[in-house]
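A short worksheet on the structure shown next.
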Amino acid sequence: MSRLLDCYGAFLTPSSRNVLEQYINDDYSLSEIAERENISRQGVRDGIQRAKNTLTDMEEKLLVVDRTDRILAKLLKLEESLKASGLYNEYALLIDELKNICEEYYGI
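Mapping of the sequence shown onto my numbering: position 25 corresponds to residue 25, and the numbering continues sequentially without gaps.
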């Protein structure tokens, strides 16, 4: 869920994103978030569930995280193959640039 939040969090309302970040990234309990945000524990739970559903729905439709994972997996496999063949040094800069693009795009 943290990866989905990183990828699609900008599409949530600021308050939804804030609550979900506290829950996922900061590991606050529902009660702690409720106290910090001055809302009920049930309101926090409902807000977190709605935000999670939104992020999950976006990933199901857009597949950004899935595609990025597959691209990175292929890059790592290519890197291993090039190292095994002794050709890695010739392509190291290109592989690093591609990894950086993945990181910029998604924040891996």
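The beta carbon of each residue, even a glycine, is placed where N, CA and C say it ideally should be.
Which of the three DSSP states, helix, strand or coil, is assigned to residue i?
{"i": "D46", "result": "helix"}
With residue i as the anchor, note down where its alpha helix (DSSP H) starts and where it stops.
{"i": "L87", "result": "Element bounds for L87: n/a, residue is neither H nor E."}
{"i": "A34", "result": "L30 to E37"}
{"i": "N139", "result": "There is no way to answer for residue 139, as the model of the chain reaches only from 1 to 108."}
{"i": "L63", "result": "Unbroken run through L63: none, as it is neither H nor E."}
Alpha carbon to alpha carbon, what distance is there between residue j and residue i?
{"i": "S2", "j": "N38", "result": "24 Å"}
{"i": "L82", "j": "I71", "result": "16 Å"}
{"i": "I101", "j": "C7", "result": "14 Å"}
{"i": "N89", "j": "L98", "result": "15 Å"}
{"i": "Y91", "j": "S85", "result": "12 Å"}
{"i": "E35", "j": "T68", "result": "37 Å"}
{"i": "S40", "j": "G47", "result": "11 Å"}
Take residue i and list the residues in its own chain whose beta-carbon comes closer than 8 Å to its own, dropping the five residues that flank it on each side.
{"i": "R110", "result": "The structure shown does not extend to residue 110, since the chain is modelled only from 1 through 108, so no value can be given for it."}
Please return the same chain residues whose Cβ sits closer than 7 Å to the Cβ of residue i, not counting the five positions on each side in sequence.
{"i": "M58", "result": "Y8 and F11"}
Handout entry: Three-pair Cβ contact test at 8 Å for the region 12 to 31 versus the region 70 to 90
Key = no
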